[in-house]
Amino acid sequence: MHATAERIQQVFPDAFVKASEWRGDLAIQVSRERLHDVCQYLHDTPDMDFDYIVHVSSVDWPDDPERFEVVYEFYSIRHRRRIRVKARVPEDDCVVDSMTDIWKGADFMEREVFDMMGIRFRNHPNLTRILLPDDFPEGYPLRKDFPLRGKGWRDTFTFIGDKS
Amino acid sequence: MKPIYEDQRESVYHVDPEHPESPALPTLRTEEMMLNMGPQHPSTHGVLKVVLALEGERIVRATPVIGFLHRGVEKLAEDGTYHQFIPHTDRLDYVCAMYNNFAYCRAVEKLVGITVPPRAEYLRTIVAEIQRIIGHQFWLGTQALDIGAMTVFFYAFRDREILLDFFDELCGARLTTSWYRIGGVERDIPSDLLDTLRRFVAYFPPKLDEYVTFLETNRIWLSRTKGVAVISAEEAVNFGLSGPTLRGSGVEYDLRKFEPYAAYDQCEWSVPVGKNGDTYDRYWIRVEEMRQSLSMVRQLLEKIPEGPIMADVPSVTLPPKERVFNDLASMIQQFKLFSTGFQAPPGEIYCGTEAAKGELGFYIVSDGTGKPYRLKIRAPSFIHMGAFDHMARGYMIADVVTIFGTYDIVMGECDR
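Sequences listed follow chains W and H, in order. If you're matching positions, the first sequence starts at 134 in the working numbering and goes up one per residue. If you're matching positions, the second sequence starts at 399 in the working numbering and goes up one per residue.
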């Protein structure tokens, strides 16, 4: 296993779920309760030093009991390496701790994940919709049960020249 | 300054609580004013609205309201094959479409595990650097125009036309190019077009010096860029800024150097880095990057190898166009790839590419079918907008357009 993944497993034995390395990308999965601690460790420890936040993303696996996957990707400018940290959350309680206190850039990225996938971030300073309108009525469009055409909201607008 | 009296009628005299002995001074009632800037504002480069909280002309808080150009590109990606998504990437950062194609194709190649032949890598790098020059010319012109220096706009756009005509001849489109393909490029650059590029490489450096003269002898432009939109190196890294916006603060973060791809390790070049982290430093970096790009193009044109322009992986890459209509196997291959796509192995990758605006990354999750299960675009403009509030506080209203300009923001990429 990769040295960084082994370190995480040693330091957080209760939080570590699994690690994988594919096409040169290291990904570790941790429990969502300790996600913030693991990220804090990755940011603060000098020989980790993941000071750069690359992106925050989310994946929907509807058939899994822990339906959503929150994905953080970090980069260490000093050591020139990346890491992907993931946590699974169930649908009825899709909450994880916000990373805005560690990386300020996480603010907009987490808002986008909330907007598109409906995952909530605890302690986020301003968790509101960002790309969609604040009164968007149809839920969260990147979920797999959201149809590509939308749920009909945009068909309710009347256009110029519309006879109906 | 905080509001001193809620109601002016009570008293217009203010006694400083720390120095009660000094004479009371007459004051005016002050309060924060909210100002909507945009979404229909000529300097917002698309449809971007910022809600400014002002005290006088000073910005107390700036809240960007984005999403006016949101088209759900990430959702659309889940409904098409990997090949079908390439034209969508043109419409992200529509000023630098080639680089978006490049970033996406690299990500899919990493997912599938394809090695691109050397000639294709050279062509890709040359065109990508030409695209970077176009992006920086566009930035230089519009940024100076926004803050009142109009002349350089015309000169930059005149020279940009030469390169757009080059794109037109190369792939039939000036802006929405879709020239890159998974595993290579759509068609080879004919030798007369390569000569056009050679002529441009000789033609452009004196013009670039001309742009610099226009701006650096303009006192108004200098005073509106020096010391405006400053961000420290630590803050810039913490916000996840990238590209010239980050390098202006003195962080030498360039994926072309850190994780060399394509033919960037085949030529000599350096990463320009700023000192003060202000708009002027970012301007200087972009001008210097244009010089570096020209040097790269010149070097790569000299030693461009012969060979195929597409990787030969029939299950993934497209057959050469001339064979599609004459050869049954190629036609079947073409039909199969465009109707059902190829099966990517299950897994997930992230692949970042240094576009003109910053790190453009694609995070692709594959479940083994012909369509991406999830495709996330790491758009630099979106992440730069996250730092807007931080960078705008304390400046004047007039500086807001400089701060938009300093990121080289394109809303198509920001809103996706």
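No residue lacks a Cβ here, since even glycine has one placed at the ideal position from N, Cα and C.
Problem set entry | Proximal residues, the segment 509-539 of chain H versus chain W, C-beta separation under 9 angstroms | Leu509, Gly511
Problem set entry | Leu699 of chain H - DSSP class collapsed to helix/strand/coil | helix
Exercise. Is Gly803 of chain H closer than 8 angstroms to Gln352 of chain H when the C-beta atoms are compared?
Worked result: Absent from the structure is residue 352 of chain H, since the part of chain H shown begins at 399 and ends at 814.
Exercise. Under three-state DSSP, which class holds Thr461 of chain H?
Worked result: strand
Exercise. What are the boundary residues of the alpha helix (DSSP H) that Asn499 of chain H is part of?
Worked result: 495-510
For this session: Quick one: give me the first and last residue of the beta strand (DSSP E) that Met809 of chain H is part of.
Result: Element bounds for Met809 of chain H: not the beta strand (DSSP E) but the alpha helix (DSSP H), 809-813.
Exercise. Taking the beta strand (DSSP E) that Ser209 of chain W falls in, what are its first and last residues?
Worked result: 201-209
Problem set entry | Proximity test, Cβ basis, 8 angstroms: Leu265 of chain W and chain H | yes
For this session: Starting from His468 of chain H, find everything on chain W with Cβ-Cβ shorter than 8 angstroms and list it in chain order.
Result: Leu264, Leu265
For this session: Could you tell me whether the Cβ atoms of Gly675 of chain H and Gly648 of chain H are closer together than 8 angstroms?
Result: yes
Problem set entry | Straight-line gap, Thr233 of chain W to Asp488 of chain H (C-alpha atoms, nearest Å) | 31 angstroms
For this session: Assess, as a yes-or-no matter, whether the segment 728-735 of chain H is touched by the segment 494-503 of chain H under the definition of 3 or more beta carbon pairs within less than 8 angstroms.
Result: no
Exercise. Under a Cβ-count criterion, where at least 16 other Cβ atoms within 10 Å of its own Cβ denotes burial, should Gln529 of chain H be classed as buried or exposed?
Worked result: buried
Exercise. Going by the beta-carbon positions, is the gap between Met708 of chain H and Arg579 of chain H smaller than 8 angstroms?
Worked result: yes
Exercise. Are Asp177 of chain W and Arg211 of chain W closer than 8 angstroms when you measure CB to CB?
Worked result: no
Exercise. Taking a cut of 8 angstroms between CB atoms, which residues from the segment 741-754 of chain H lie near chain W?
Worked result: Gly745, Glu746, Ile747, Tyr748, Gly750
For this session: May I ask you to report which of helix, strand or coil DSSP gives Thr513 of chain H?
Result: coil
Problem set entry | Supposed close pair Ala475 of chain H, His486 of chain H - CB separation, criterion 8 angstroms | 7 angstroms
Problem set entry | Local conformation of Cys749 of chain H per DSSP, three classes | strand
For this session: Could you please tell me which residues of the segment 229-243 of chain W, in chain order, have their CB closer than 9 angstroms to any CB of chain H?
Result: Ile235, Trp236, Lys237, Gly238, Ala239, Asp240, Phe241, Met242
Exercise. Hey, which unbroken runs of the alpha helix (DSSP H) at 4 residues or more fall wholly within the segment 648-713 of chain H?
Worked result: 653-656, 677-700
Problem set entry | Trp537 of chain H - DSSP class collapsed to helix/strand/coil | helix
For this session: Determine, using beta carbons only, whether Ile252 of chain W comes closer than 8 angstroms to chain H.
Result: no
Exercise. Within the 8 angstroms Cβ cut-off, does Asn674 of chain H reach chain W?
Worked result: no
For this session: Please go through the segment 224-293 of chain W and give each complete alpha helix (DSSP H) segment of 4 or more residues, from N-terminal end onward.
Result: 239-250
For this session: For Pro706 of chain H, I'd like the list of residues in its chain whose CB is within less than 8 angstroms of its CB, leaving aside the five on either flank, ordered along the chain.
Result: Pro515, Arg517, Ala518, Gly582
For this session: Could you spell out where the alpha helix (DSSP H) holding Trp619 of chain H opens and where it closes?
Result: 617-623
Problem set entry | Partners in chain H for Pro274 of chain W, counting only beta-carbon separations shorter than 7 angstroms | Gly470, Lys473
Exercise. Can you tell me the Cα-Cα spacing of Pro223 of chain W and Asp147 of chain W, whole angstroms?
Worked result: 19 angstroms
Exercise. Would you call Asp405 of chain H buried or exposed, if buried means 16 or more other Cβ atoms sit within 10 Å of its Cβ?
Worked result: Caution is warranted here: a pLDDT of 48 is assigned to Asp405 of chain H, below 50, making its placement in the model unreliable, and the coordinate value is therefore given only provisionally. Exposed.
Exercise. Are the CB atoms of Thr513 of chain H and Leu698 of chain H nearer to each other than 8 angstroms?
Worked result: no
For this session: Starting from Leu159 of chain W, find everything on chain H with Cβ-Cβ shorter than 7 angstroms and list it in chain order.
Result: Simply none; closest approach about 11 angstroms.
Exercise. How would you call Tyr601 of chain H, buried or exposed, if buried means at least 16 neighbouring beta carbons within 10 angstroms?
Worked result: exposed
Problem set entry | Interface residues of chain H facing Leu281 of chain W [CB-CB closer than 9 angstroms] | Gly470, Lys473, Leu474, Glu476, Asp477
For this session: With 8 angstroms as the C-beta to C-beta threshold (strictly closer), list the residues of the segment 781-813 of chain H near chain W in chain order.
Result: Ile781, Met783, Gly784, Ala785, His788, Asp813
Exercise. Are the beta-carbon atoms of Arg814 of chain H and Arg504 of chain H separated by less than 8 angstroms?
Worked result: no
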